[in-house]
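Right, one structure below, let's go through it.
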Amino acid sequence: MRWLLTIFTIALLVRGVALWELSYVDPYFATPVVDELTNTQDALRIAAGERMDRPFWKPPLYPFALALTLLADPPTASAIYDSLPSPWIPKGLQALLDSLTAVLLVILGTRLVGARVGRLAGLIYAVSFTPVFYVAQILDTTMFTFLCVAALLTLDKARDKNDVVGWTLGGIVLGLAATARAPVLLFAPVAALLPWLHQRRLARAVTADVPGGDVPTDAGTPSDNGPTQGSSSAIALVSRMAAVGVGVVAMILPVTLANLKFGGDRVLISSNGGINFYIGNRKGDEPGADGLTSVNAGPRWRAILGEVDQNLKPSQRSREYYRLANEQIAADPGHFIARLARKSVALFDAFEVPNNKNFVEERSRSWIYTLLPGRTGVIFALGVMGLIFAWTRLRSRGLLVGFVVTQSVAIVMFFVAARYRVPLLAILTIPAAALLEGWWRERQQFPRLRASLIAVAIMLILTHVDVLGLRERFDRYVVDPLALAHARDNLARRELFAANAAAESNPERAQQLAARARKHFEASGQLYTRALEIDPDYPEVHHNLALNALEVGNLDEAESRCRLALKNSGDWFEEGWNTLGRILAARWTQESVNEAIQAFRRAIEIDARYSKAYANLGQVYERLNQITDARVNYEFARLYAPKDPLYFILEARIMGKMGRSRRGNALLDEIVTGKWALSPAQQVLFNDVRAGLVDALRRQQEESAGPGSPDAGPDETPSGGG
Numbered sequence: 001m002r003w004l005l006t007i008f009t010i011a012l013l014v015r016g017v018a019l020w021e022l023s024y025v026d027p028y029f030a031t032p033v034v035d036e037l038t039n040t041q042d043a044l045r046i047a048a049g050e051r052m053d054r055p056f057w058k059p060p061l062y063p064f065a066l067a068l069t070l071l072a073d074p075p076t077a078s079a080i081y082d083s084l085p086s087p088w089i090p091k092g093l094q095a096l097l098d099s100l101t102a103v104l105l106v107i108l109g110t111r112l113v114g115a116r117v118g119r120l121a122g123l124i125y126a127v128s129f130t131p132v133f134y135v136a137q138i139l140d141t142t143m144f145t146f147l148c149v150a151a152l153l154t155l156d157k158a159r160d161k162n163d164v165v166g167w168t169l170g171g172i173v174l175g176l177a178a179t180a181r182a183p184v185l186l187f188a189p190v191a192a193l194l195p196w197l198h199q200r201r202l203a204r205a206v207t208a209d210v211p212g213g214d215v216p217t218d219a220g221t222p223s224d225n226g227p228t229q230g231s232s233s234a235i236a237l238v239s240r241m242a243a244v245g246v247g248v249v250a251m252i253l254p255v256t257l258a259n260l261k262f263g264g265d266r267v268l269i270s271s272n273g274g275i276n277f278y279i280g281n282r283k284g285d286e287p288g289a290d291g292l293t294s295v296n297a298g299p300r301w302r303a304i305l306g307e308v309d310q311n312l313k314p315s316q317r318s319r320e321y322y323r324l325a326n327e328q329i330a331a332d333p334g335h336f337i338a339r340l341a342r343k344s345v346a347l348f349d350a351f352e353v354p355n356n357k358n359f360v361e362e363r364s365r366s367w368i369y370t371l372l373p374g375r376t377g378v379i380f381a382l383g384v385m386g387l388i389f390a391w392t393r394l395r396s397r398g399l400l401v402g403f404v405v406t407q408s409v410a411i412v413m414f415f416v417a418a419r420y421r422v423p424l425l426a427i428l429t430i431p432a433a434a435l436l437e438g439w440w441r442e443r444q445q446f447p448r449l450r451a452s453l454i455a456v457a458i459m460l461i462l463t464h465v466d467v468l469g470l471r472e473r474f475d476r477y478v479v480d481p482l483a484l485a486h487a488r489d490n491l492a493r494r495e496l497f498a499a500n501a502a503a504e505s506n507p508e509r510a511q512q513l514a515a516r517a518r519k520h521f522e523a524s525g526q527l528y529t530r531a532l533e534i535d536p537d538y539p540e541v542h543h544n545l546a547l548n549a550l551e552v553g554n555l556d557e558a559e560s561r562c563r564l565a566l567k568n569s570g571d572w573f574e575e576g577w578n579t580l581g582r583i584l585a586a587r588w589t590q591e592s593v594n595e596a597i598q599a600f601r602r603a604i605e606i607d608a609r610y611s612k613a614y615a616n617l618g619q620v621y622e623r624l625n626q627i628t629d630a631r632v633n634y635e636f637a638r639l640y641a642p643k644d645p646l647y648f649i650l651e652a653r654i655m656g657k658m659g660r661s662r663r664g665n666a667l668l669d670e671i672v673t674g675k676w677a678l679s680p681a682q683q684v685l686f687n688d689v690r691a692g693l694v695d696a697l698r699r700q701q702e703e704s705a706g707p708g709s710p711d712a713g714p715d716e717t718p719s720g721g722g
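Take the sequence shown: its position 210, counted from the start at 1, is 210 in the numbering used here, and no numbers get skipped.
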């Protein structure tokens, strides 16, 4: 127990210090981006109780768990594009969970080899860079790794009593892992064979009549129930094997039924398998089409989506992507084999393949990341050689090798990315620790170690010499530079607002904030450049650059960029039309105002529920003093975004202009009662509108209290106007 507590404390301390440092140096610490943003949006919909109208696109366990963490301090739907109010809740819980993974590795390593190996395996995992890196990301990696290690430990413990209950429990944990990441199901057939392997090895041990010591078998030492348990009837054996499958199915079936009943489609767990298989196996060599990385967001992702009819059901679309991939494989099998070989090498390569964020840039921000040892390639090299040279010391070899092989196949068959390698890293710490402990134990007998030392050295050299040229390719690669740039823009705007607020009271602080804002804008500019390198006609990039130009008052640049975005988008870009309307409204000439109204209406034609366009159109009408039209548009904005406080504030303001101050105050009270988070600019607007409504209501009450004047109604002036 003391060692378990020690490993847990070390792991938690490393992760806690890393999160603490990142909360200061990582601009995206509280800002979900790319897949993090998708997970957060899914979790918000779940927390809000929105009706499920399609099958799960991604396995649902992580978004459901994340929804529980967000309930403690829920962000609004619009706020997540800027920041989470409490990023420490999900990330802190992930730090605890990953520290428990290190503890489970101690227990599993102790069972499979011995106490010293278990402790060393847990320690290696506790201080390894890659797991710590993903603790700070709102991704399923930490949860999935924990469940994989827990499944293997539960399945190994099932050997002790070798009954239906134990094997069923192992299947349940494995099935739960599948609801977090479906490819682990490739391991399910191996797991179902474990009772047979256990019985077979027990029978062999009895035949060999081993008097004592470790039995070098998959099953390990016979259980306390003796060898008679291993010679159970065929029916009993089949029931134990079936129990594993029953446990797996018990966890998956609710997801499948939910997909069928609420999503209206027959999808086992999630519908993203086909497109991921196509991404990993289609022709091409550039990043996003090389089988090593995901497709860049934006035009390239839309092009992939456009290759299959989007009107098909999700299951049909998935099958279509499998068909497209298989057709390309059949047309050029040599290319496919070469790609598989390349991905297999990349699986063990020392250079991490990035996905959401770039490893080089992230490590450069953090001294904790820089100091942490245990790069994935090093542990993989030691682990693979440990499976070979410490083979006779490993118990439950079928368990270890089965998991490593099936998950390696799953990664290679789709596409290689660092976060998919973390569960393998966790399990391979055990044979890696066995190899290191064996070297130390046999250090006086070097000839016996020579082969293993040479093999490890060769593998480390091969994984570090970058034979595939991955380092140069991935030093700058991120899947969605636009999303990172957008987050930096939002951070810069918040810093500028704070700088303006502090300009008079604390000039020195204002200068610091303004300098930080400039750094954010510089970083976003570099990211936009990366995005335009991917596609010079990238509509969203030109649109965001138009927003930045609008922010500084460069209306000519803003309009030029925005019209270019609309031209490149094929007229589907409702947000572009909304932004063009804002730019034209900022000019405020008769001609530009009329064009602005048409632009907002065009955005609404594309998306009839586009709340921002309604709100902006309402503000134009309000400025034109067309109060009724303004109120109608504000109501539509609030209808389609019922939890966005801005639309409540705008409608409250128009209520004040209509003489309905009580109604306006009631709208503002909903914001207060709901405890909705307000941006600094929204808070200023809220205070101004509240002050105006309170003042108008006071004047109204004074007038209604005059000599001989009856009390006015709740939203009436003394004259009865409204």
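Idealized CB from N, CA, C, for every residue including glycine.
These numbers come from a predicted model, not from an experiment.
Within 10 angstroms of the Cβ of residue i, are there 16 or more other Cβ atoms? Answer buried if so, exposed if not.
| i | result |
| --- | --- |
| V308 | buried |
| T154 | buried |
| F8 | buried |
| N633 | buried |
| V17 | exposed |
| V295 | buried |
| T673 | exposed |
| K675 | exposed |
| E352 | buried |
| W577 | buried |
| N39 | buried |
| S231 | Any reading at S231 is ruled out, since the residue's pLDDT is 46, under 50, leaving its predicted position unreliable. |
| P103 | It should be noted that the sequence gives Val, not Pro, for residue 103. V103 should be labelled buried. |
| A11 | buried |
| V14 | buried |
| E504 | exposed |
| L84 | buried |
Round the Cβ separation of residue i and residue j to the nearest angstrom and send it over; I've been treating them as touching at under 8 Å.
| i | j | result |
| --- | --- | --- |
| T376 | R421 | 5 Å |
| H520 | P27 | 7 Å |
| R582 | L555 | Going by Cβ atoms, the distance from R582 to L555 rounds to 10 Å, so no, they are not a contact pair. |
| R488 | L425 | Actually they are not in contact, since the Cβ atoms of R488 and L425 sit about 31 Å apart, beyond 8 Å. |
| A523 | L513 | About 16 Å separates the two Cβ atoms, so there is no contact after all. |
Considering only C-alpha positions, which residue in the set the options is nearest to residue i?
| i | options | result |
| --- | --- | --- |
| K643 | A432, L678, R342 | L678 |
| A637 | N625, L617, E622, G656 | L617 |
| G170 | A492, G245, Q598 | G245 |
| F415 | V345, R493, V694, V456 | V345 |
| D695 | G664, P680, P59 | G664 |
| L723 | V132, G692, L646, R690 | What the structure shows of the chain is the stretch from 1 to 722, and residue 723 is not part of that stretch, so it cannot be assessed. |
| R2 | L70, Q683, I107 | I107 |
| F573 | V478, L435, I337, P299 | P299 |
| A121 | P431, D156, R476 | P431 |
Please list the terminal residues of the continuous alpha helix (DSSP H) segment that includes residue i.
| i | result |
| --- | --- |
| S661 | 661–674 |
| D42 | 35–47 |
| W167 | 164–178 |
| T579 | 574–587 |
| P423 | 418–441 |
| K157 | 141–161 |
| R300 | 299–305 |
| K657 | 645–657 |
| R612 | One detail in the question is off: residue 612 reads as Lys in this sequence, not Arg. Element bounds for K612: 611–623. |
| F348 | From DSSP, F348 is part of no alpha helix (DSSP H); its letter is neither H nor E. |
| I329 | 314–331 |
Are the beta-carbon atoms of residue i and residue j separated by less than 8 Å?
| i | j | result |
| --- | --- | --- |
| A603 | L584 | no |
| L185 | A192 | no |
| L105 | T429 | yes |
| L547 | T579 | yes |
| T293 | N355 | yes |
| I671 | F648 | yes |
| M52 | F262 | yes |
| N568 | H542 | yes |
| A381 | F359 | no |
| F56 | V267 | yes |
| L399 | D156 | yes |
So, does the CB of residue i fall closer than 8 Å to a CB anywhere in chain B?
| i | result |
| --- | --- |
| I10 | Structure shown: chain B not included; a single protein chain is present. |
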